[in-house]
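Presented below is the structure to which this report refers.
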Amino acid sequence: MAKGLTRCNVCGKTAEQVFEGQMLISIHDRIGYGSKYDGSMIDLDICSDCFDKLIDSFTEKCAINLIKENF
């Protein structure tokens, strides 16, 4: 997990600069066997605006919809 000032990895906004009430989406984990990044750590914090852009571009490549609404 990031230490100190938390920033969006994409746009660089700090947690304090993100619109009030929005949360940073965070992934902090070790990457498993089978990936070219095997054994590395992912330390990702992304603001809602950047997350939306990323997911919008990514979902069209997915065979199974990754967004589950009203769960």
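Residue numbers (this note's numbering): 16 to 86. Where a beta carbon is used, it is the ideal one built from N, C-alpha and C, also for glycine. Owing to the predicted nature of the structure, the values given are computational and were not obtained by experimental measurement.
A Cβ-Cβ contact shorter than 9 Å links Cys-26 with Cys-62. For Ser-41, the uninterrupted beta strand (DSSP E) segment begins and ends at 40-45. Per DSSP, the unbroken alpha helix (DSSP H) holding Leu-69 starts and ends at 63-74. In the structure shown, Asp-58 adopts extended strand secondary structure according to DSSP, grouped into three states.
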